[in-house]
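Student:
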Amino acid sequence: MARVLVTGAAGFIGFHLCERLLQRGDEVVGLDNMNDYYDVRLKQDRLQLLAGRPGFRFVQASLEDRNAMEKLFSNERFDKVVNLAAQAGVRYSLKAPHTYIDSNIVGFANILEGCRHNNVQHLVYASSSSVYGANTLMPFSVHHNVDHPVSLYAATKKANELMAHTYSALYGIPTTGLRFFTVYGPWGRPDMALFLFTRAILEGAPIDVFNHGKMQRDFTYVDDIVEGVARVIDHAAAPNPSWTGSRPDPCTSFAPYRIYNIGNNNPVELIRFIEILEERLGKQAIKNMLPLQAGEVPATYADVDDLTRDTGFKPATAIEDGISRFVEWYRGYYCI
Numbered sequence: 009m010a011r012v013l014v015t016g017a018a019g020f021i022g023f024h025l026c027e028r029l030l031q032r033g034d035e036v037v038g039l040d041n042m043n044d045y046y047d048v049r050l051k052q053d054r055l056q057l058l059a060g061r062p063g064f065r066f067v068q069a070s071l072e073d074r075n076a077m078e079k080l081f082s083n084e085r086f087d088k089v090v091n092l093a094a095q096a097g098v099r100y101s102l103k104a105p106h107t108y109i110d111s112n113i114v115g116f117a118n119i120l121e122g123c124r125h126n127n128v129q130h131l132v133y134a135s136s137s138s139v140y141g142a143n144t145l146m147p148f149s150v151h152h153n154v155d156h157p158v159s160l161y162a163a164t165k166k167a168n169e170l171m172a173h174t175y176s177a178l179y180g181i182p183t184t185g186l187r188f189f190t191v192y193g194p195w196g197r198p199d200m201a202l203f204l205f206t207r208a209i210l211e212g213a214p215i216d217v218f219n220h221g222k223m224q225r226d227f228t229y230v231d232d233i234v235e236g237v238a239r240v241i242d243h244a245a246a247p248n249p250s251w252t253g254s255r256p257d258p259c260t261s262f263a264p265y266r267i268y269n270i271g272n273n274n275p276v277e278l279i280r281f282i283e284i285l286e287e288r289l290g291k292q293a294i295k296n297m298l299p300l301q302a303g304e305v306p307a308t309y310a311d312v313d314d315l316t317r318d319t320g321f322k323p324a325t326a327i328e329d330g331i332s333r334f335v336e337w338y339r340g341y342y343c344i
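All the letters of the sequence shown, read from the start, carry residue numbers 9 to 344 under this note's numbering.
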């Protein structure tokens with residue numbers, strides 16, 4: 009049993025992780041700023057399912073509010089911290105870059121400082137498959153260099169990994185970054201493809217299909233993500249005794265620092281993803297075929313060997329099953 013701070017607790021992954029940690033008996037403080045990047049009612053409904061659960065308490069605050077974060081860490085004395093709060097979305101980063109700097113850079117610095125000054129045992133934080141950027145060698149491995157992001161969102165996630173390493177090296181804080189690969193499932197974000205497509209198909213509206221449907225994504229069901237995060241929380245990062253500065257391994261260090269991919273290890277072409285959704289909805293999509301959009305990468309594919317070796321877990325939910333569960337939730341939530 010641990011006292012855990014989960015930031016982004018009203019968000020898609022944060023909500024599911026809070027449920028998982030509460031089920032196993034942890035005490036959870038959930039933090040979220042409840043911003044209106046997407047429908048706040050969805051966030052409120054997620055929180056409603058957590059409210060009143062033994063061991064859960066909600067705090068509304070923003071990561072970039074330095075005073076609020078200092079007070080929170082000082083008063084609560086967390087054993088472990090999971091930072092899932094961030095300004096998400098590759099496409100939105102083209103429109104509102106300063107939002108990403110405030111939340112993902114300034115906010116993460118406040119998280120690191122909170123951990124440093126309050127003896128946090130392990131910081132786990134969300135990175136992203138977007139950090140692989142211009143890389144084309146697949147499957148993407150945490151041992152690959154990732155110095156060529158193609159969106160500001162990806163750059164902020166790469167920056168988080170570098171900032172975490174600095175604090176691990178200077179202050180001995182165990183930090184673990186998790187590169188999530190295209191998460192989907194019940195209670196998902198309305199700005200992501202599965203939610204957007206489902207709504208549009210049911211309404212008879214056209215859907216935008218980028219890269220003419222040839223885009224490949226390592227779609228990862230949210231329960232697999234959450235199981236991976238839960239196991240990593242209990243597996244604190246440790247120094248790699250084999251690490252050497254002459255041949256530096258990007259995902260380990262002389263410091264207590266670690267990076268893992270969490271992905272389904274089975275990329276699916278976007279057009280196939282849409283076909284499965286059409287089958288589950290019993291309705292054809294009106295497709296608006298478009299070229300690859302700026303900031304997007306054509307394919308993602310996760311090498312999860314390190315995660316499996318160190319935690320004994322490998323995501324395995326089939327895309328057909330995951331989409332079916334999402335559609336069932338969507339119909340129930342919106343009374344369709």
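Note that the Cβ used here is the ideal one computed from N, Cα and C, for glycine as well. Computed from a prediction, not measured in an experiment: that's the story for all the values here.
Quick check: the Cα distance between N168 and G290, rounded to an integer number of angstroms?
Tutor: 42 angstroms
Student: Which residues mark the beginning and the end of the alpha helix (DSSP H) in which R333 is found?
Tutor: 327-341
Student: Grab the span of the alpha helix (DSSP H) containing L315 for me, first residue to last.
Tutor: 313-319
Student: Would you report the Cα separation of Y179 and T252, rounded to the nearest angstrom?
Tutor: 20 angstroms
Student: Take S137 and list the residues in its own chain whose beta-carbon comes closer than 6 angstroms to its own, dropping the five residues that flank it on each side.
Tutor: R187, F189, T308
Student: Given that a residue counts as buried once 16 or more other Cβ atoms are within 10 Å of its Cβ, and exposed if not, what is H125?
Tutor: exposed
Student: Write down every uninterrupted run of the beta strand (DSSP E) in the region 88-140 whose length is 3 residues or greater and which is fully enclosed by it, in chain order.
Tutor: Note on the region 88-140: whole beta strand (DSSP E) runs with a minimum of 3 residues are 88-91, 130-136, in chain order.
Student: Using the three-state DSSP reduction, which class does T228 fall into: helix, strand or coil?
Tutor: Residue state, collapsed to three classes: strand.
Student: What are the start and end residues of the alpha helix (DSSP H) that includes Y179?
Tutor: 160-179
Student: Expressed to the nearest angstrom, what Euclidean distance is found between the alpha-carbon atoms of A263 and A201?
Tutor: 38 angstroms
Student: For the pair the region 141-158 and the region 201-215, tell me if three or more CB-CB distances fall below 8 angstroms.
Tutor: no
Student: A69 and L58 - do their beta-carbons sit closer together than 9 angstroms?
Tutor: no
Student: What is the rounded straight-line gap between the Cα of A324 and the Cα of K295?
Tutor: 29 angstroms
Student: Going by alpha carbons, who is nearest to P62 out of N83, E84, V36?
Tutor: Ranking the options by Cα distance to P62, first place goes to V36.
Student: In the DSSP output, what is Q31 paired with across the bridge?
Tutor: DSSP output for Q31 lists no bridge partner at all.
Student: Between the beta-carbon of H118 and the beta-carbon of R65, is there less than 9 angstroms?
Tutor: The question names His, but residue 118 is Asn in the sequence shown. No, the Cβ-Cβ distance between N118 and R65 is not below 9 angstroms.
Student: Quick one, which of G303, R288, E304, V305 has its alpha-carbon nearest R339's?
Tutor: R288
Student: Would you kindly work out how many angstroms separate the C-alpha atoms of Y192 and I21, rounded to a whole number?
Tutor: 9 angstroms
Student: Is it true that the CB of G38 sits closer than 9 angstroms to the CB of A17?
Tutor: yes
Student: Would S101 and Y161 be called neighbours here (beta carbons separated by less than 9 angstroms)?
Tutor: yes
Student: Rounded to a whole number of angstroms, what is the C-alpha to C-alpha distance between M223 and G122?
Tutor: Cα-Cα distance, rounded: 39 angstroms.
Student: If you draw a straight line from the C-alpha of G33 to the C-alpha of V12, how long is it?
Tutor: 11 angstroms
Student: Which residue or residues does DSSP assign as beta-bridge partners of R266?
Tutor: Under DSSP, R266 takes part in a beta bridge, and its partners are T184.
Student: Over the uninterrupted beta strand (DSSP E) stretch that includes I6, give me the two end residues.
Tutor: What the structure shows of the chain is the stretch from 9 to 344, and residue 6 is not part of that stretch, so it cannot be assessed.
Student: When you compare each of W195, N269, M297 to V335 by their alpha carbons, which one comes out closest?
Tutor: W195
Student: Rounded to whole angstroms, what is the Cα-Cα separation between E78 and H106?
Tutor: Taking the straight line joining both Cα atoms gives about 23 angstroms.
Student: Put Q292 into one of helix, strand or coil per three-state DSSP.
Tutor: When secondary structure is reduced to three states using DSSP, Q292 falls in the coil class, being assigned neither helix nor strand.
Student: Tell me the rounded alpha-carbon separation between I267 and D53.
Tutor: I267 and D53: Cα-Cα distance of roughly 32 angstroms.
Student: So, helix, strand or coil for L71, using DSSP?
Tutor: coil
Student: I want to know whether the region 316-333 touches the region 227-241 - three or more CB-CB distances under 8 angstroms.
Tutor: Touching, yes, given that three or more Cβ pairs across the two stretches are closer than 8 angstroms.
Student: Roughly how many whole angstroms lie between the Cα atoms of V98 and Y108?
Tutor: 10 angstroms
Student: Can you tell me whether Y133 is buried or exposed, with buried defined as 16 or more other CB within 10 angstroms of its CB?
Tutor: buried
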